[in-house]
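A short write-up of the structure that comes next.
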Amino acid sequence: MNIAKRWLIAILFVATHLSANEITIAVAANVSYAIDELVEVFHQDHPDTKVRVILGSSGKLAAQISHGAPYGILMSANMAYPYRLYKSHIAISEPVVYAKGALAILSIKKVDISKSLELLKEPSIHKIAMGNPKTAPYGEATLEALKNAKIYSAIKSKLIYGESISQTLSYTITAADIGIVAKSALYSSQLKSYKEGINWISIDNSLYTPISQGIVLLKYGEKDPSYRLFYDYILSRKGKEILQRYGYSTI
């Protein structure tokens, strides 16, 4: 192979790798059903940018970021973790609400779902899945709802905890009689066979503090403009319309 051909191959190799930019974002588990479509639509507008998604509970993701994990954006399930990162100067943008989530009760068994939270007290219900309030903001909201409905003491021995809201959903379907999950999951293609009013019902949102979900840009990604592009896209009309299709409300 002559020198000219070697140079051409080297140039093409470098050009290919320069054009294929990859960004890594940390995303709360409750957004796992919407994030695929969000990334797909973003990629249509920015084909040279690949988005790598790291899913987990907001608490664990925030802890990873605090210990130097190479993520450029955090899409949290609450505002508390983004504010903590912002006050620690790990986040370079002030937290902004990108979506508001909601809770729902789900069961794949033959139960009267219309009874809502009162159903949890029935003797036929032995195991109830919910998010861990220490790591999952949806778990924290669930605990608040159970206490405000004045049923927590009666059912606490039945509770099994998922470390993230996606694990809670898995427990609900495989290991529990019923579960309290992110409403957004029930709009996913995987769960559309479960019907509102038959398999699931929304929990009265007056029983828990609104689940405002915050997004921040992180210091790790401040030199890569692709992170800002994705951040702006999530807050754009296009991003909000996708989130709304998954049961979120947006500002």
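Following numbering that gives the first Met the number 0, the numbering of the sequence shown begins with 0 at its first residue and continues without gaps.
Cβ coordinates follow ideal geometry from the N, Cα and C atoms, glycine included.
Helix, strand or coil: which one does DSSP assign to residue i?
i	result
THR249	coil
VAL95	strand
GLY196	coil
VAL215	strand
THR208	coil
LYS191	coil
LEU234	coil
ALA174	coil
GLY220	helix
TYR70	coil
LEU242	helix
ILE202	coil
ALA76	coil
GLU39	helix
Could you tell me the distance, in whole angstroms, from the CA atom of residue i to the CA atom of residue j?
i	j	result
ASP176	LEU145	17 angstroms
PRO200	ASP223	The sequence given here has Ile at residue 200, not Pro. Their backbone Cα atoms lie some 42 angstroms apart in a straight line.
ILE112	VAL180	14 angstroms
ILE233	PRO209	20 angstroms
HIS45	ILE34	16 angstroms
ILE22	GLU195	37 angstroms
THR249	GLN243	7 angstroms
SER165	SER87	28 angstroms
LYS191	TYR170	18 angstroms
THR173	ARG83	35 angstroms
LYS126	SER235	41 angstroms
Could you round the C-beta distance between residue i and residue j to whole angstroms and report it? I think they count as a contact, below 8 angstroms.
i	j	result
TYR219	PRO81	Not really, about 15 angstroms apart at Cβ, beyond 8 angstroms.
PHE229	VAL50	7 angstroms
LYS217	ILE89	Here residue 217 is Leu; the residue named in the question, Lys, does not match the sequence. Confirmed, Cβ separation roughly 6 angstroms.
TYR247	ALA28	14 angstroms between Cβ atoms; not a contact.
LEU119	ILE154	5 angstroms
ALA128	LEU102	Not a contact, Cβ separation roughly 12 angstroms.
TYR186	TYR85	Not confirmed; about 30 angstroms, so no contact.
LYS237	VAL26	Actually they are not in contact, since the Cβ atoms of LYS237 and VAL26 sit about 18 angstroms apart, beyond 8 angstroms.
*If you pair each beta-carbon of the stretch 204 to 214 with each one of the stretch 75 to 86, do three or more pairs fall below 8 angstroms?*
Yes, the stretch 204 to 214 touches the stretch 75 to 86.
_Going residue by residue through the stretch 82 to 154, where are the continuous beta strand (DSSP E) segments of at least 3 residues, counting only ones entirely within it?_
Runs found: 95 to 100, 102 to 105, 127 to 130.
*Would you say the stretch 51 to 68 touches the stretch 124 to 144, given that touching needs at least three Cβ pairs under 8 angstroms?*
The stretch 51 to 68 is in contact with the stretch 124 to 144.
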